[in-house]
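Asker:
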Amino acid sequence: MNTVVLFVPQQEAWVVERMGKFHRILEPGLNFLIPLLDRIRYVQSLKEIVINVPEQSAVTLDNVTLQIDGVLYLRVMDPYKASYGVEDPEYAVTQLAQTTMRSELGKLTLDKVFRERENLNASIVDAINQASDYWGIRCLRYEIKDIHVPPRVKESMQMQVEAERRKRATVLESEGTRESAINVAEGKKQAQILASEAEKAEQINQASGEASAILVKAQAKAEAIRVVAAALAQQNGNSAASLSVAEQYVAAFSKLAKESNTILLPSSTGDMSSMVAQAMGIYGSLSKPQPTKAASAEVTTPSTLQAPPPPLPPSIEYTEQEQQPSAS
Numbered sequence: 001m002n003t004v005v006l007f008v009p010q011q012e013a014w015v016v017e018r019m020g021k022f023h024r025i026l027e028p029g030l031n032f033l034i035p036l037l038d039r040i041r042y043v044q045s046l047k048e049i050v051i052n053v054p055e056q057s058a059v060t061l062d063n064v065t066l067q068i069d070g071v072l073y074l075r076v077m078d079p080y081k082a083s084y085g086v087e088d089p090e091y092a093v094t095q096l097a098q099t100t101m102r103s104e105l106g107k108l109t110l111d112k113v114f115r116e117r118e119n120l121n122a123s124i125v126d127a128i129n130q131a132s133d134y135w136g137i138r139c140l141r142y143e144i145k146d147i148h149v150p151p152r153v154k155e156s157m158q159m160q161v162e163a164e165r166r167k168r169a170t171v172l173e174s175e176g177t178r179e180s181a182i183n184v185a186e187g188k189k190q191a192q193i194l195a196s197e198a199e200k201a202e203q204i205n206q207a208s209g210e211a212s213a214i215l216v217k218a219q220a221k222a223e224a225i226r227v228v229a230a231a232l233a234q235q236n237g238n239s240a241a242s243l244s245v246a247e248q249y250v251a252a253f254s255k256l257a258k259e260s261n262t263i264l265l266p267s268s269t270g271d272m273s274s275m276v277a278q279a280m281g282i283y284g285s286l287s288k289p290q291p292t293k294a295a296s297a298e299v300t301t302p303s304t305l306q307a308p309p310p311p312l313p314p315s316i317e318y319t320e321q322e323q324q325p326s327a328s
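Read left to right, the sequence shown gives residues 1 to 328 (the UniProt record's numbering).
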């Protein structure tokens, strides 16, 4: 190409030699050359270039052979170095990518190759850039497309994955059983606590009710005693008391006759007036005020001495078999 007027496209760099020696690099736009002296020797594209890295074999750290390929993205940064630094820049970078990939894979085990894929790509890019700087080329990124493992290794990996999944399922099931047992135990604990609190409250309520009932009964009995005492203090109170004693006397004997087959009765059972008189005498002695210590210290005179009570009459025994009374 020996023309006078040249139009260089955008994102391209044309390397011009004059009489076989590097002269200058034509930039995009209008350029002029001297015929017969100047010559366009190289045309470098400044765009990002995509290169497919062919599939190749690589051995991992745990001696597993892999078939791996990738994609390389690079760009010409210095047209002069890319033209005169290496014969074929794309081929050189491709070979460098393959050797770097084999070297990096040899540092990793099979599991790490799959787990640390991003780190592997970054390591390959750094290794390529260290060598390609002299060629005026910059590796932007490298991506692994496919990783092919041997069939047996693939089967073992599948078995390992299934075992890991079964292990996780067992762990999750055991954790679920554990959580269920804990929840059941916690529920029983709360139920027992609530039951004990309910029983405690019931006992407290029952005791409070019984105490209230006893208090009410005591108050009622005290009120009844006060009413009886007030009635006895009135006129004809003794007659009313005698009637009440006679009624209780009859009720007591009727109750004794029901509960026992054999009872002992005094001889004056039929004389109810004497029994009532004795009861009223006892009541009168109890109702008198008790003497003080000074009064009890005085010497008693013969006139103050009371005659001893008459002896009790002999008792009469009744039985259900014998209707006639028999003297004891």
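Idealized CB from N, CA, C, for every residue including glycine. Only a predicted model underlies this, so the values are computations on that prediction, with no experimental measurement involved.
#1: Rounding to the nearest angstrom, what Cα-Cα distance links A213 and V227 in this structure?
#2: Please tell me whether L110 and V149 are closer than 9 Å, where the distance is taken between their beta carbons.
#3: For A218 and A224, what's the separation of their Cα atoms in angstroms?
#4: Please report the straight-line C-alpha distance between I40 and Y73, rounded to a whole angstrom.
#5: Is L120 closer than 9 Å to I144 when the C-beta atoms are compared?
#6: If you run the structure through DSSP and keep just helix, strand and coil, what is T99?
#7: For the candidate residues S83, P79 and V93, whose alpha-carbon lies nearest to that of G70?
#8: The alpha helix (DSSP H) spanning E118 covers which residue range?
#9: Going by other Cβ atoms of all chains shown within 10 Å of its Cβ, with 16 needed for buried, is D38 buried or exposed?
#10: What does a CB cutoff of less than 7 Å around V85 pick up in its chain, not counting 5 residues either side in sequence?
#11: How about P54 and Q98: are their beta carbons less than 9 Å apart?
#12: By Cβ distance below 8 Å, which residues in the same chain neighbour E87 in space, the five residues on each side in sequence not counted?
#13: In chain order, what residues of the same chain have a beta carbon less than 8 Å from the beta carbon of L46, not counting five sequence neighbours either side?
#14: By Cβ distance below 6 Å, which residues in the same chain neighbour Y42 in space, the five residues on each side in sequence not counted?
#15: Please confirm whether L96 and A131 have their CB atoms less than 9 Å apart.
#16: I need the boundaries of the beta strand (DSSP E) containing P54, first residue and last residue.
#17: Does the distance from the CB of I181 to the CB of G106 come in under 9 Å?
#18: From Q158 to L172, what distance separates their C-alpha atoms?
#19: Check the C-beta distance from E90 over to I51 and give it rounded, since I have them as a contact under 8 Å.
#20: So, for residue 329: in the same chain, excluding its five sequence neighbours on each side, which residues have a beta-carbon less than 7 Å away from its beta-carbon?
#21: Quick check: F32 and V8, are their CB atoms within less than 9 Å of each other?
#22: How long is the line joining the alpha carbons of A198 and Q192, rounded to whole angstroms?
#23: For M19, count neighbouring C-beta atoms within 10 Å of its own C-beta (all shown protein chains included) and say buried if the count is 16 or more, exposed if not.
#24: Quick one: complete alpha helix (DSSP H) runs, 4+ long, within the segment 180-246?
#25: Take T65 and list the residues in its own chain whose beta-carbon comes closer than 7 Å to its own, dropping the five residues that flank it on each side.
#26: Round the Cβ separation of V184 and I147 to the nearest angstrom and send it over; I've been treating them as touching at under 8 Å.
Answerer: Straight from the coordinates:
#1: Inter-residue distance for A213 and V227 is about 21 Å (C-alpha atoms, whole angstroms).
#2: With contacts defined by Cβ atoms closer than 9 Å, L110 and V149 form a contacting pair.
#3: 10 Å
#4: 27 Å
#5: yes
#6: helix
#7: V93
#8: R117 to S132
#9: buried
#10: Sequence inspection shows Gly at residue 85; the Val mentioned does not correspond to that position. Cβ neighbours of G85 beyond the five flanking positions: Y134, W135 and G136.
#11: yes
#12: none
#13: Q11, E12, A13, R75, V76 and P79
#14: V15 and S83
#15: yes
#16: E48 to V59
#17: The amino acid at residue 181 is misidentified as Ile; the sequence shows Ala. It is not a contact, given that the beta carbons lie outside the stated cut-off.
#18: 21 Å
#19: 6 Å
#20: Because the chain is modelled from 1 through 328, residue 329 falls outside the range shown and cannot be assessed.
#21: no
#22: 10 Å
#23: exposed
#24: none
#25: S57, V59 and P150
#26: That pair is no contact at about 49 Å.
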